[in-house]
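This report concerns only the one structure given below.
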Amino acid sequence: MITFKDVNKWFGSLHVLKGISTDVYPGEVVVIIGPSGSGKSTMLRCINRLEAIQRGNLIVDGFNISDKKINITEVRAEIGMVFQHFHLYPHMTVIENITLAPRKVRKTKKKIAQQEAFELLEKVGISDKAYSYPSQLSGGQKQRVAIARGLAMYPKIMLFDEPTSALDPEMIKEVLDVMKKLAYEGMTMVVVTHEMGFAREVADRVIFMDQGAIVEIGTPEHFFNNPKEERTQSFLQQIL
Ligand code: ADP
Ligand code: MG
Numbered sequence: 000m001i002t003f004k005d006v007n008k009w010f011g012s013l014h015v016l017k018g019i020s021t022d023v024y025p026g027e028v029v030v031i032i033g034p035s036g037s038g039k040s041t042m043l044r045c046i047n048r049l050e051a052i053q054r055g056n057l058i059v060d061g062f063n064i065s066d067k068k069i070n071i072t073e074v075r076a077e078i079g080m081v082f083q084h085f086h087l088y089p090h091m092t093v094i095e096n097i098t099l100a101p102r103k104v105r106k107t108k109k110k111i112a113q114q115e116a117f118e119l120l121e122k123v124g125i126s127d128k129a130y131s132y133p134s135q136l137s138g139g140q141k142q143r144v145a146i147a148r149g150l151a152m153y154p155k156i157m158l159f160d161e162p163t164s165a166l167d168p169e170m171i172k173e174v175l176d177v178m179k180k181l182a183y184e185g186m187t188m189v190v191v192t193h194e195m196g197f198a199r200e201v202a203d204r205v206i207f208m209d210q211g212a213i214v215e216i217g218t219p220e221h222f223f224n225n226p227k228e229e230r231t232q233s234f235l236q237q238i239l
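At position 209 of the sequence shown the residue is numbered 208 (numbering that gives the first Met the number 0), and the sequence of numbers has no breaks.
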């Protein structure tokens, strides 16, 4: 579903992705961990070309995303993204937030889009908030709206960038539970998170990044019981 081949990215003279190569298979859940500034967000953002890469290849569902000729809107329609700080439109209700992209991009009729949105709200457990504004919701509810909005285009891939890092502890579980459900339904997911319980339970593979490079990739079992690299070991010691 996603192939990184020697992907390199610079911000000016700062080399932030240094030859990333890895694959994400359909239905797989890949969790990316690593210290702050190691390039995790940048790696995710390259997948839907929120950031451009300067060298290497990045293939997403058969599209070479560096190719200037591809219709990036079409590719992005296949990729839902959830950010740490929700990024909901504050002046729109929950239902308007969720139906915006299907109506604008997929030209879905209002009534159909709303029907679909209600199904998604049910899935994330907040059907009663359809007509609320983001400011009237808790952090956990906002993040579940953001997930529903990400799902509204029926994407093939969902990207999550620290989706629970801005939440109070009691709200983390409700968001992780929705993500688990998605994973078990077979969604292809790339998740940057510090939630090691989630990684252990849900990830097919874990990637440990440091200083713009992949230091180690393995199953959760490998990672948490028997990491090979010293940098992985010391990182895990710090956070576990
Ligand atoms: P992480 O998500 O692992 O914390 P990031 O991908 O956000 O790391 O950042 C990787 C590196 O790139 C950091 O050194 C960061 O300061 C830098 N960086 C991120 N975004 C930008 C940007 N828009 N302009 C310049 N430097 C950036
Ligand atoms: Mg980040």
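Built from N, CA and C at the ideal position, the CB exists for glycine as well.
Check	Outcome
Hey, V190 and F159: beta-carbon distance below 8 Å or not?	yes
Taking 7 Å as the cut-off, is the beta-carbon of S35 closer than that to any non-hydrogen atom of ligand 1?	yes
Alpha carbon to alpha carbon, how far is T21 from P219? Give it in angstroms, no decimals.	17 Å
Does DSSP put F222 in a helix, in a strand, or in coil?	helix
Do the region 76-84 and the region 138-148 make contact, defined as three or more Cβ pairs closer than 8 Å?	yes
Compare the Cα-Cα distances from G211 to each of L136, M188 and I31 and report the closest residue.	I31
Is DSSP giving F85 helix, strand or coil here?	coil
Would the C-beta of S40 count as close to ligand 1, meaning under 7 Å from any of its heavy atoms?	yes
Let me make sure I understand the geometry here. Which of T231, T187 and V214 has the alpha-carbon closest to that of Y24?	T187
Just confirm the distance between the C-beta atoms of R132 and T92, as a whole number of angstroms; I'd bet it's less than 8 Å.	In the sequence as displayed, the identity of residue 132 is Tyr instead of Arg. Between T92 and Y132 the Cβ distance is about 6 Å, and since that is below 8 Å, they are a contact.
Any idea what DSSP makes of V177, helix, strand or coil?	helix
Alpha carbon to alpha carbon, how far is Q135 from R143? Give it in angstroms, no decimals.	14 Å
Of the choices M0, K109, K141 and I213, whose alpha-carbon is the least far from that of G124?	K141
Going along the chain, which unbroken runs of the beta strand (DSSP E) with 3 or more residues stay wholly within the region 136-201?	156-160 and 187-191
Touching or not, the region 48-65 and the region 93-108, by the rule of three or more beta carbon pairs under 8 Å?	no
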